[in-house]
Amino acid sequence: MGDNVYIKYMRLQNYRLFKDVEMNFHERANYLVGENNIGKSSFLRLLSLISSGFGILEHDYADTNLPIVIIVEICLLDDTSEHFFDSEEGVPAQVRLRMEKRVDEIFPRLYNDIDNSQLPLDLIRRIRYIYHSETRNDDYLVSDEIYNLLKNDILKSGQIEEFRPSPDMVQFIRQQERYSEYDTSFYMNVLVLSKLLSRQDRPRADNLKFISLVALKILSQIYVMYHSKAVPFEHTIIVDSKGKRFLSIFVAIDEPEIHLHPYMQRSILTYYKQLLQNEDPAFCCILKSLFNIDGLRGQMFIVTHSTDSLVDDYRNIIRFYRDKCGCVQAACGVNFHFNEEIEKHLIMHFPEVKEALYSRSVIIVEGETEYGCFQLFGTTLELRFDYYGICLINARGESSISKIKKLLQYFKIPTVALYDADVKGSREAEKNVFFTDEICFEMDLAKAMIDKGKRRILDHIIYTAGGTHGKATADMLKKACRKLDMNYHNYPPRMLENVNPRNVEAMYVYYFSWLYSNKGVILGRLIGQSLTKQEIPASFTRVIKVAGQLAKVDSNQDC
Numbered sequence: 001m002g003d004n005v006y007i008k009y010m011r012l013q014n015y016r017l018f019k020d021v022e023m024n025f026h027e028r029a030n031y032l033v034g035e036n037n038i039g040k041s042s043f044l045r046l047l048s049l050i051s052s053g054f055g056i057l058e059h060d061y062a063d064t065n066l067p068i069v070i071i072v073e074i075c076l077l078d079d080t081s082e083h084f085f086d087s088e089e090g091v092p093a094q095v096r097l098r099m100e101k102r103v104d105e106i107f108p109r110l111y112n113d114i115d116n117s118q119l120p121l122d123l124i125r126r127i128r129y130i131y132h133s134e135t136r137n138d139d140y141l142v143s144d145e146i147y148n149l150l151k152n153d154i155l156k157s158g159q160i161e162e163f164r165p166s167p168d169m170v171q172f173i174r175q176q177e178r179y180s181e182y183d184t185s186f187y188m189n190v191l192v193l194s195k196l197l198s199r200q201d202r203p204r205a206d207n208l209k210f211i212s213l214v215a216l217k218i219l220s221q222i223y224v225m226y227h228s229k230a231v232p233f234e235h236t237i238i239v240d241s242k243g244k245r246f247l248s249i250f251v252a253i254d255e256p257e258i259h260l261h262p263y264m265q266r267s268i269l270t271y272y273k274q275l276l277q278n279e280d281p282a283f284c285c286i287l288k289s290l291f292n293i294d295g296l297r298g299q300m301f302i303v304t305h306s307t308d309s310l311v312d313d314y315r316n317i318i319r320f321y322r323d324k325c326g327c328v329q330a331a332c333g334v335n336f337h338f339n340e341e342i343e344k345h346l347i348m349h350f351p352e353v354k355e356a357l358y359s360r361s362v363i364i365v366e367g368e369t370e371y372g373c374f375q376l377f378g379t380t381l382e383l384r385f386d387y388y389g390i391c392l393i394n395a396r397g398e399s400s401i402s403k404i405k406k407l408l409q410y411f412k413i414p415t416v417a418l419y420d421a422d423v424k425g426s427r428e429a430e431k432n433v434f435f436t437d438e439i440c441f442e443m444d445l446a447k448a449m450i451d452k453g454k455r456r457i458l459d460h461i462i463y464t465a466g467g468t469h470g471k472a473t474a475d476m477l478k479k480a481c482r483k484l485d486m487n488y489h490n491y492p493p494r495m496l497e498n499v500n501p502r503n504v505e506a507m508y509v510y511y512f513s514w515l516y517s518n519k520g521v522i523l524g525r526l527i528g529q530s531l532t533k534q535e536i537p538a539s540f541t542r543v544i545k546v547a548g549q550l551a552k553v554d555s556n557q558d559c
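Note that UniProt numbering numbers the sequence shown so that position 33 is 33, with each residue one more than the last.
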């Protein structure tokens, strides 16, 4: 894709929960998802260790008898016409490095993983690291003095003629200071940047969050880098064929959902991407005037437990999971390849799939009625979906089930699917695929309830849903008989309560016709609320119990 600095591939051995994990990355942005305590934030810390070349501690070793080994393939330059400012020759466009460190060593050793030659550790420090977290900011806090110096430099840069806060701005700053750890200089930076970046068209409280979490976060950390003597700033500057200068960075964002509503989460992550792609001319002007750079080059890594933060593209997602041995592994969306038809379905259904990325197992059903009742059935069967991490997905049609199931399997999410029995011939051999006992969901329900002498419960559900006694109309019966391949002339329209109880076959048809013509989530919810454990049709119970078995932790494994 070009014009970017990014990690392409990584293999981690013996680092914390990562005994031996391989990952491939999207060059722009990577969203790290999975259960709690599976290593997502540990991975962000590892990026910091890689970019700094030091900081690996004894507790980072999964086994202190073995070295930590990190193999990383990094694209540093777009092509041979580019170079780092302090090294016109000698830094290749793409490198495959191996970093090793034993527990008794002070610093890691760096090798070319292709020819095994040892390299100076300085090479890995050509990409800087910017970190954002609302909960773990200690190592990356910027002092009030830095904010004050940054504000003065911005005002001196000539980007803005004069800035005098209005009385209501002063009042706003004083109010914020009362409840915050920041002083006046921080809020002055926010107000100045709001004006420079033309971001004053929203409520001031929203703008405070927006500017402080993105533009000010990046500028303040670059300011520290710019004035640091530990790593010369020019060491990380890329110069392209036109002489333009770019700072190479990794941006790590840990749990952007904290204190932010869904719109703000997405807005902030989108703005980070815009700044990394140099799509905000005003911000680029600030970078030029303060640091003599024309823009940024880098890659984003986001750890989130919120579906609101996730993009609608599976290729940006890396899901951490545990294999059968309990070891952490990674499923990387950038590795998945689908044909155009499947791709279309996956884009359409990805909002539902997002939640499954955090689950322990998934049930996929065909339609709305099943979707409305299955979670309630789970509660009745003492398998609460939220407690066990069981995700329920409505495929909105039989044809989408297999496509969604394939994507979930690529992400290593245990998945169970329920089809109507009328497609049984083409699906029966697939693992964890189940079918209704009768032709479809509605007939399973009607037959099971009538066979168990629970007609009154069906009548109550229908009365509650429709607000009146149920009637099988001519249109309902025609539609039902077409599905059942029966002659609808044998079933004249009538009230359900008037169907002869001794004619069981007729009761099946009449109740089925009403249920089949009144599908929906609300009806499903009524069904889920009305049936006892013994009344739930066997085909539904089977699916839910299998999903429960897949979601539960094996009693022989450590929790």
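Think of the CB as a built atom: it goes at the ideal place given N, C-alpha and C, for glycine as much as any other residue.
Item	Value
Cβ of glutamine 13 within 8 Å of Cβ of isoleucine 74?	no
Lysine 516 and valine 499 look like a contact to me (Cβ under 8 Å); what is the Cβ gap, rounded to whole Å?	Looking at the sequence itself, residue 516 is tyrosine, so the reference to lysine does not match. That belief does not hold up - the Cβ atoms of tyrosine 516 and valine 499 are roughly 15 Å apart, past 8 Å.
Suppose the cutoff is 8 Å on Cβ atoms and the five residues either side in sequence are ignored; what does the same chain contact list for glutamine 159 look like?	Leu196, Cys285, Ile286, Ser289
Does the region 176-183 come within contact of the region 250-259, defined as at least 3 CB pairs closer than 8 Å?	no
Taking only runs that begin and end inside the region 338-409, name each unbroken alpha helix (DSSP H) of 4 or more residues, in chain order.	340-356, 368-380, 385-388
Should valine 33 be labelled buried (16 or more other beta-carbon atoms within 10 Å of its own) or exposed?	buried
Per DSSP, threonine 415 forms a beta bridge with which residues?	Val362
Residue range of the beta strand (DSSP E) that arginine 266 falls in?	Taken as a continuous stretch (DSSP letters only), arginine 266 belongs to no beta strand (DSSP E), being part of the alpha helix (DSSP H) at 262-276.
With 16 other CB atoms within 10 Å as the buried threshold, where does tyrosine 387 fall?	exposed
Grouping DSSP H, G and I as helix and E and B as strand, with all else coil, what is phenylalanine 250?	strand
Decide if methionine 476 is buried, meaning its Cβ has at least 16 other Cβ atoms within 10 Å, or exposed.	buried
When the Cβ atoms of the region 295-309 are set against those of the region 327-344, are three or more pairs found closer than 8 Å?	no
Should glutamate 430 go down as buried or exposed, given a rule of 16 or more other Cβ atoms within 10 Å for buried?	exposed
Alpha carbon to alpha carbon, how far is isoleucine 413 from serine 185?	48 Å
From the DSSP output, in three-state form, read off tyrosine 491 for me.	coil
Can you find at least 3 beta carbon pairs, one from the region 403-421 and one from the region 353-373, that sit closer than 8 Å?	yes
Looking at the unbroken beta strand (DSSP E) that takes in methionine 188, where does it start and where does it end?	Premise fails: methionine 188 lies in the alpha helix (DSSP H), 184-196, not in any beta strand (DSSP E).
With respect to the alpha helix (DSSP H) encompassing methionine 23, which residues constitute its N-terminal and C-terminal limits?	First-last for methionine 23: 18-24, but that is the beta strand (DSSP E), not the alpha helix (DSSP H).
Excluding the 5 residues preceding and the 5 following tyrosine 419 in the sequence, name in chain order all residues of the same chain whose CB lies nearer than 8 Å to its CB.	Glu366, Glu398, Ile401, Arg427, Val433, Phe434, Phe435, Thr436
Is it right to say histidine 26 is buried, meaning 16 or more other beta carbons lie within 10 angstroms of its own, or is it exposed?	buried
Taking all protein chains shown into account, do 16 or more other C-beta atoms lie within 10 angstroms of the C-beta of methionine 1, making it buried, or fewer, making it exposed?	Residue confidence is low: methionine 1 scores 44 on pLDDT, short of 50, so the model does not pin down where it sits. Its coordinate-derived value is still stated next. So methionine 1 ends up on the exposed side.
Under a three-way DSSP split, which group does serine 87 fall into?	strand
Go through its chain and collect everything with a Cβ distance to lysine 478's Cβ below 8 Å, but skip five positions before and after it.	Tyr488
Can you have a look at alanine 480 and say buried or exposed, based on whether 16 or more other CB atoms are within 10 angstroms of its CB?	buried
Tell me whether serine 309 is buried or exposed, calling it buried when 16 or more other Cβ atoms sit within 10 Å of its Cβ.	buried
Measure the CB-CB distance between leucine 408 and isoleucine 544 and report whether it falls below 8 Å.	no
Are leucine 275 and isoleucine 302 close, meaning C-beta to C-beta below 8 Å?	no
Within the continuous beta strand (DSSP E) that includes methionine 10, where are the two ends?	6-15
Can you grab the Cα-Cα spacing for the pair lysine 471 / leucine 550, in whole Å?	41 Å
So phenylalanine 512 is in the alpha helix (DSSP H); what residue range does that whole segment cover?	504-517
Arginine 45: buried (16+ other C-beta within 10 angstroms of its C-beta) or exposed?	buried
What do you get for cysteine 325, buried or exposed, if any count of 16 or more other CB atoms within 10 angstroms of its CB means buried?	exposed
Assign aspartate 558 to buried or exposed, taking buried as 16 or more other Cβ atoms, counted over all protein chains shown, within 10 Å of its Cβ.	With a pLDDT of only 46 at aspartate 558, under 50, the local geometry of the prediction cannot be trusted, and the value read off the model is given with reservation. With fewer than 16 Cβ atoms within 10 Å of its Cβ, aspartate 558 is classed as exposed.
Please confirm whether leucine 247 has its beta-carbon closer than 8 Å to some beta-carbon of chain D.	Note that chain D does not occur in the displayed structure, where there is just one protein chain.
Are isoleucine 457 and serine 530 close, meaning C-beta to C-beta below 8 Å?	yes
For the putative contact between histidine 469 and glutamate 505, defined by C-beta atoms under 8 Å, what is the C-beta separation to the nearest angstrom?	Not quite, the Cβ-Cβ distance comes to about 22 Å (not below 8 Å), so this is no contact.
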